[in-house]
Amino acid sequence: MLSKVKSCSLYGINGYLVDVEVDLSEGLPGFDLVGLPDSSVREAKDRVRAAIKNSQLLFPVKRITINLAPADTKKEGSAFDLPIAVGIVSCNLSISPEKLEKTMIVGELSLDGSVKPVNGILPMVYSAYKNGLEQCIVPFENAEEGAIVEGIKVIGVHNLMEALEYLLGTKSIPETTVNIQTLMQQSSNSKLDFSDVKGQAHVKRALEISAAGSHNLLMIGPPGSGKTMMAKRLPTILPDLTFEESIEITKIYSVSGLLPDKKSLITNRPFRSPHHTVSTSALVGGGRIPRPGEVSLSHYGVLFLDELPEFNKNVLEVLRQPLEDREVTISRVNATLTYPASFMLVCSMNPCPCGYYGDEEKCHCQSETIKKYLAKISGPLLDRLDIHVEVSPVKYKDLNTKEKSESSASIKKRVLKAQKIQQERYKNENIYFNAQLGAAQIEKYCILRKEERELLRTAFEKLNLSARAYHRILKVARTIADLDEKENIELQHLSEAIQYRSLDRKYWA
Ligand SMILES: Nc1ncnc2c1ncn2[C@@H]1O[C@H](COP(=O)(O)OP(=O)(O)O)[C@@H](O)[C@H]1O
Ligand SMILES: [Mg+2]
Ligand SMILES: [Zn+2]
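When we follow this note's numbering, the leftmost residue of the sequence shown carries the number 6, and every step to the right adds one.
1) Could you please give me the residues that DSSP links to Met354 through a beta bridge?
2) Grab the span of the alpha helix (DSSP H) containing Gln428 for me, first residue to last.
3) Taking the alpha helix (DSSP H) that Gln504 belongs to, which residues open and close that run?
4) Please report the straight-line C-alpha distance between Arg389 and Ala474, rounded to a whole angstrom.
5) Apart from the five residues on each side of it in sequence, which residues of its chain come closer than 8 Å, Cβ to Cβ, to Asn493?
6) In chain order, what residues of the same chain have a beta carbon less than 7 Å from the beta carbon of Phe316, not counting five sequence neighbours either side?
7) Whose C-beta lies closer than 6 Å to the C-beta of Leu15 among residues of the same chain, with five residues either side of it excluded?
8) With DSSP as the reference, label Val10 as helix, strand or coil.
9) Can we count Gly226 as close to ligand 3, meaning its CB is less than 8 Å from some heavy atom?
10) Which runs of the alpha helix (DSSP H) at least 4 residues long sit entirely within the segment 27-103? Give them in chain order.
11) Just to confirm my understanding: we take Pro122, look at its own chain, exclude 5 residues before and 5 after, and list those with CB closer than 7 Å. What are they?
12) Counting C-beta neighbours from all protein chains within 10 Å, is the total for Asp117 16 or more, i.e. buried, or is it exposed?
13) Once DSSP output is grouped into helix, strand and coil, what is the label at Ile110?
14) So Tyr344 is in the beta strand (DSSP E); what residue range does that whole segment cover?
15) Using C-beta distances below 6 Å, list every residue in its chain close to Phe438, excluding the 5 sequence neighbours before and after it, in chain order.
16) Determine the burial state of His2: buried for a count of at least 16 other Cβ atoms within 10 Å of its Cβ, exposed for fewer.
17) Looking only at its chain, what residues have a beta carbon closer than 7 Å to the beta carbon of His163, apart from the 5 residues adjacent to it on each side?
18) Using the rule of at least 16 other Cβ atoms within 10 Å of the residue's Cβ for burial, across every protein chain shown, is Thr272 buried or exposed?
19) For a test of the three-state rule: what should DSSP assign to Trp513, helix, strand or coil?
20) Applying the criterion that 16 or more other CB atoms from any shown protein chain within 10 Å of the CB defines a buried residue, is Ala445 buried or exposed?
21) Contact defined as beta carbons within less than 8 Å: I believe Lys158 pairs with Glu180. What is the distance between those atoms, to the nearest angstrom?
22) Using only the alpha-carbon positions, how far apart do Leu239 and Ala216 sit?
23) Might you give, ordered along the chain, the residues of its own chain that have their beta carbon closer than 8 Å to the beta carbon of Glu170, omitting 5 neighbours on each side?
24) Would you say the segment 224-241 touches the segment 394-403, given that touching needs at least three Cβ pairs under 8 Å?
25) Curious, which full-length alpha helix (DSSP H) runs of at least 4 residues does the segment 424-481 contain?
26) How about Asp364: is its Cβ closer than 8 Å to a heavy atom in ligand 1?
27) For Met166, I'd like the list of residues in its chain whose CB is within less than 6 Å of its CB, leaving aside the five on either flank, ordered along the chain.
28) Look up Asn19 in the DSSP assignment and give the residues it is bridged to.
29) Pop quiz: Lys58 and Pro34 are said to be a contact at Cβ under 8 Å. What is the actual Cβ separation, rounded to whole angstroms?
30) Measuring CB to CB, does Val91 end up less than 9 Å from Cys13?
31) Are the segment 372-389 and the segment 319-338 in contact at 8 Å, needing three or more beta carbon pairs?
32) Within 8 Å: the Cβ of Ser507 and any heavy atom of ligand 2?
33) Given 8 Å as the limit, tell me if Lys376 has its C-beta closer than that to any heavy atom belonging to ligand 3.
34) Return the chain-ordered list of same chain residues with a C-beta closer than 8 Å to the C-beta of Lys9, the five sequence neighbours on each side being excluded.
35) Excluding the 5 residues preceding and the 5 following Asp364 in the sequence, name in chain order all residues of the same chain whose CB lies nearer than 8 Å to its CB.
36) Is Asp43 near ligand 2, judged by its Cβ being under 8 Å from some heavy atom?
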């Protein structure tokens, strides 16, 4: 006797349908699982057997063969437990094959028959919808996440028995629905706000420019000057996520098993701050079964590397590809996976090993040690940091004030306006932000008049700027002009941009 149940597996952040074929035949009782299951799927056999028995159902004394088709892709995870169990018992029950044909079933089983949540429900339900199925039976805890997909019925079940009764039609379970508008409005319950940051006006200004033009940024300053505090507030001045962006981020978190409890949709821009001991594969993704790394978990948000020189140079090297391509490609044995990775990079560092460079009482660092310290940051990475901003210790008079600083909402308004100008200007260019301008586009959109050209020339000679500074300065100047709602880059825009090249000035050397 053969029965067929539809289930789903994951490839990167996308789902693909899997047929769970169950054959029961006479002969020596046994239980075989074929179709490239990995060890996590093979363990399903024991869970399924116990779950069926503990649901007071008969486990057939037959020769059982399960095939997971297509057989040429490696299946992993525990989501096949429920469809396998349904397939085995449906041979004895009269569940209509037509119904099974239109139903995707996923879920992990406990030994007692209860259904436990699994990763990746959103992409799985989406692929069921794409393939024209009518409904999905998913773990109750995952039902809201699945219900975000419109146009397909999502049924949340607590245990195997419930799934069977629903399929037999002896129990009705209402489909799970979510109100997407309400979910989207739940965003930004984050309590962080720029109004908490006292003083530091020029650093906030640099962050505003960085947000407006999507420029990667480096903060240089002593410990306790508020670098981490300010970086964490950068997402609060970026535009709200669109629904499509939320879905894309949620897929990444869903397949990683990192969706926060009780959250079916991620509606805030991510802020990720991996420790400096992070491994290459944790940063860009990888492992035996490749998982998204920090660069993908930062998608549409901010990746913050605190204490940049502490990071392993090799680890920083691997950031180049995602920074360039806005996605990351991971090779595995017989395929390559691509995960999205479009993030803003923010880094912080001390100006010298002790952290207090410039404070003659505290800092006794030798210029040789400082040079070595700075050399730890790889040139190519430095190349991708458009804005360097120096952060000084907070002044006592700034801390000791009751005056509230400008709120994130108010800064965000200017950021939005500047982004709109860019999107309009680049609508035929396949880019969105000034930070993405290539060399030819810089010539087209960052035209300098005579006076400005003169200023740039002088700056180069006087400040001993490196060649790589040239394009960075023009792009940042373009953003400053956009914030100022000016058609042309003017002297004040250019001279402000020149200030954001601290590390190019090499004055530490
Ligand atoms: N400008 C500031 N306004 C208000 N509080 C500040 C400011 N700068 C620093 N602080 C306080 O000092 C703490 C340490 O700052 P932090 O951001 O960790 O510094 P850094 O990362 O530069 O070492 C913050 O949590 C905050 O309480
Ligand atoms: Mg810090
Ligand atoms: Zn020092």
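The beta carbon of each residue, even a glycine, is placed where N, CA and C say it ideally should be.
So, from the listed chains and residues:
1) Ile225
2) Ser413 to Arg430
3) Element bounds for Gln504: Leu496 to Gln504.
4) 10 Å
5) Ile452, Arg454 and Ala486
6) Beyond the five residues adjoining it in sequence on each side, Phe316 comes within less than 7 Å, by CB distance, of His281 and Leu310 in the same chain, given in chain order.
7) In its chain, beyond the 5 residues on either side, Gly125 and Val260 have a beta carbon closer than 6 Å to the beta carbon of Leu15.
8) Three-state result, Val10: strand.
9) no
10) DSSP assignment within the segment 27-103 yields the following whole alpha helix (DSSP H) runs of 4 residues or more, N-terminal first: 44-47, 49-59 and 86-95.
11) Pro144, Glu146 and Asn147
12) exposed
13) strand
14) Ala340 to Pro345
15) Gly218, Ser219 and Gln427
16) Nothing can be reported for residue 2: it is not among the residues displayed for the chain, which extend from 6 to 514.
17) If we look at His163 and ignore the five residues flanking it on each side, its Cβ neighbours are Ser119, Val120 and Phe145.
18) buried
19) Only weak support is given to the placement of Trp513: the predicted model assigns it a pLDDT of 45, under 50, and the question is left unresolved by the model.
20) exposed
21) Correct: roughly 5 Å between the Cβ atoms.
22) 7 Å
23) Hits under 8 Å: Lys176.
24) yes
25) 444-450 and 455-468
26) No, since every heavy atom of ligand 1 falls outside the 8 Å radius drawn around the Cβ of Asp364.
27) Ser60
28) Tyr16
29) That belief does not hold up - the Cβ atoms of Lys58 and Pro34 are roughly 14 Å apart, past 8 Å.
30) no
31) The count of Cβ pairs closer than 8 Å, one atom from the segment 372-389 and one from the segment 319-338, reaches three, so the stretches are in contact.
32) Distances taken from the Cβ of Ser507 to the heavy atoms of ligand 2 include none shorter than 8 Å.
33) no
34) So the list reads Asp24, Val25, Glu26, Val27, Gly92, Pro102, Leu105 and Glu106, once near-sequence residues are dropped.
35) Around Asp364: Pro227.
36) no
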